[in-house]
Amino acid sequence: MYSEFNNPNGRVMVIAHRGDWLNAPENTVPAIINAIDLGVDMIEIDVRRTRDGKLILMHDETVDRMTSGSGAVAELSYDELLSLQVKQSEGGESAELTGVHIPTLEEVMKLVKGKALINLDKCWDIREEVYQVLLDTGTVNHGLFKSDAELDEVAAFLESKAIRPEYMQIIQASNAYLLHDPDALLTRIKPKAVEFVFEDETSPFSIEESFHMFSGKCRLWINTMWDSLCAGHSDEQSLENAADGWGWGIARGVNMIQTDYSRQLLNYLQK
Numbered sequence: 001m002y003s004e005f006n007n008p009n010g011r012v013m014v015i016a017h018r019g020d021w022l023n024a025p026e027n028t029v030p031a032i033i034n035a036i037d038l039g040v041d042m043i044e045i046d047v048r049r050t051r052d053g054k055l056i057l058m059h060d061e062t063v064d065r066m067t068s069g070s071g072a073v074a075e076l077s078y079d080e081l082l083s084l085q086v087k088q089s090e091g092g093e094s095a096e097l098t099g100v101h102i103p104t105l106e107e108v109m110k111l112v113k114g115k116a117l118i119n120l121d122k123c124w125d126i127r128e129e130v131y132q133v134l135l136d137t138g139t140v141n142h143g144l145f146k147s148d149a150e151l152d153e154v155a156a157f158l159e160s161k162a163i164r165p166e167y168m169q170i171i172q173a174s175n176a177y178l179l180h181d182p183d184a185l186l187t188r189i190k191p192k193a194v195e196f197v198f199e200d201e202t203s204p205f206s207i208e209e210s211f212h213m214f215s216g217k218c219r220l221w222i223n224t225m226w227d228s229l230c231a232g233h234s235d236e237q238s239l240e241n242a243a244d245g246w247g248w249g250i251a252r253g254v255n256m257i258q259t260d261y262s263r264q265l266l267n268y269l270q271k
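Laid out in structure tokens, this is it:
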């Protein structure tokens with residue numbers, strides 16, 4: 001698992017977006033177990049901090065969409081969150097209540113240890129606390145931090161740690177200037193991967209040229225959950241014509257794909 005991730009030229013790795021939320025509540029233990037059982041390489045989770053400082057999994061700032069309760073995660077205590085039931089799949093007003101609880105980051109990292117890697121989203125602002133949980137659970141090499149932050153900020157975080165965190169740089173329209181000097185990013189930050197977010201293949205930067213800049217130097221990551229993340233080469237397109245969806249990225253050197261359809265992507269890769 002680790003050796004594959006450390007190989008910038010390695011096989012395509014599959015990342016389950018919020019776990020297997022098609023068959024279990026997103027960002028919960030059942031969704032993560034399902035994803036592990038499917039055989040994914042990495043699971044993306046969203047981490048937030050409660051009023052009393054506990055790190056838990058929840059995508060939204062509030063619990064409204066995904067639970068029987070309401071209110072901002074940052075204004076609720078951990079005990080208050082534990083009293084809530086999580087809704088099935090991606091939640092919403094009509095979604096069924098499941099009885100599943102909101103997990104802590106510590107619980108999840110202990111669960112995945114030795115079984116899958118974790119992509120840590122929504123938590124760059126609380127990275128020090130997140131890193132401490134990884135340190136305490138012996139999973140620093142399991143967690144992949146990500147951000148679109150300035151290189152000075154990223155370097156300060158990475159270089160301050162005795163055990164260096166794994167890191168992925170996001171490149172999108174707002175920080176496309178990083179493409180003017182890719183060597184500065186590669187030499188200073190040494191990212192394990194670069195995540196490209198692009199609505200269009202050519203503007204404000206050429207995605208194919210950008211892939212080429214980093215190919216063989218770190219892993220190339222795209223998100224295919226919806227069209228605006230990948231210029232239409234999405235999960236939806238892949239289910240109709242995989243060659244123009246997932247296959248489009250793979251043909252251009254992409255070797256990490258975050259998807260809502262892990263089973264289908266895994267099947268496609270086995271063909």
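For the sequence shown, the UniProt record's numbering assigns the number 1 to the initial residue and increments by one for each residue that follows. Beta carbons: idealized from backbone N, C-alpha and C, even for Gly.
May I have the straight-line CA-CA distance separating Gly127 from Ser89, to the nearest angstrom? Taking the sequence shown and counting its residues from 1, one reaches residue 127 at position 127. Taking the sequence shown and counting its residues from 1, one reaches residue 89 at position 89. According to the sequence displayed, residue 127 carries Arg and not Gly. Cα to Cα, the separation comes out at about 27 Å.
Hey, which unbroken runs of the alpha helix (DSSP H) at 4 residues or more fall wholly within the segment 205-252? 207-214, 235-240 and 246-251
### Task
On the DSSP bridge assignment, give the partners of His17 in chain order.
As a position in the sequence shown, residue 17 is number 17, starting the count at 1. Beta-bridge pairing links His17 to Glu44.
Check your understanding: Is it the case that the Cβ atoms of Phe157 and Leu179 are separated by a distance below 8 Å?
Key -> The residue labelled residue 157 in the question sits at position 157 within the sequence shown. The residue labelled residue 179 in the question sits at position 179 within the sequence shown. Cβ distance not < 8 Å, so Phe157 and Leu179 don't count as in contact.
### Query
Secondary structure at Tyr177, three-state DSSP: helix, strand or coil?
Taking the first residue of the sequence shown as 1, we reach residue 177 at position 177. Helix at Tyr177.
Find out if the Cβ-Cβ distance for the pair Leu111, Leu144 is shorter than 8 Å. As a position in the sequence shown, residue 111 is number 111, starting the count at 1. As a position in the sequence shown, residue 144 is number 144, starting the count at 1. Not in contact: Leu111 and Leu144 (Cβ atoms no closer than 8 Å).
Worksheet item: Is Leu84 closer than 8 Å to Ser68 when the C-beta atoms are compared?
Response: Reading the sequence shown from its first residue, position 68 is the one you call residue 68. Reading the sequence shown from its first residue, position 84 is the one you call residue 84. Contact: yes.
Could you give the DSSP three-state label for Leu76: helix, strand or coil?
Walking along the sequence shown from the start, residue 76 turns up at place 76. Looking at Leu76 - three-state DSSP - the assignment turns out to be coil, as it is neither helix nor strand.
- [ ] Report the option in Gly53, Arg65 and Gly91 whose CA atom is closest to the CA atom of Val75.
- [x] Here residue 75 is taken as the residue at index 75 of the sequence shown, counted from 1. The question names Val, yet the displayed sequence has Glu at residue 75. Out of Gly53, Arg65 and Gly91, Gly53 has the C-alpha closest to the C-alpha of Glu75.
Between the segment 20-29 and the segment 235-254, are three or more C-beta pairs nearer than 8 Å?
Verdict: no, contact absent.
Exercise for the section: Report the rounded CA-to-CA distance for Ile189 versus Tyr268, giving the unit in angstroms. Expected result: Taking the first residue of the sequence shown as position 1, residue 189 is located at position 189. Taking the first residue of the sequence shown as position 1, residue 268 is located at position 268. Each residue's Cα considered, the two are about 33 Å apart.
So, with DSSP's three-state summary, where would you put Ser68? Residue mapping note: residue 68 aligns to position 68 of the sequence shown, counting from 1. Correct three-state label for Ser68: coil.
Checklist line | Enclosing alpha helix (DSSP H) for Asp260 [first to last residue] | finding: Residue 260 sits at position 260 when you count from the first residue of the sequence shown. Premise fails: Asp260 is in no alpha helix (DSSP H) and is neither H nor E.
Quiz prompt | Residue burial classification, Lys161 (beta-carbon count within 10 angstroms, cutoff 16) | solution = Position 161 of the sequence shown, counting from 1, holds the residue named residue 161. Exposed, by the Cβ-count rule.
Discussion item. Could you tell me the alpha carbon to alpha carbon distance between Asp152 and Val194, rounded to whole angstroms?
Written reply: For this step, residue 152 is matched to residue 152 along the sequence shown. For this step, residue 194 is matched to residue 194 along the sequence shown. Approximately 17 Å, taken between the alpha carbons.
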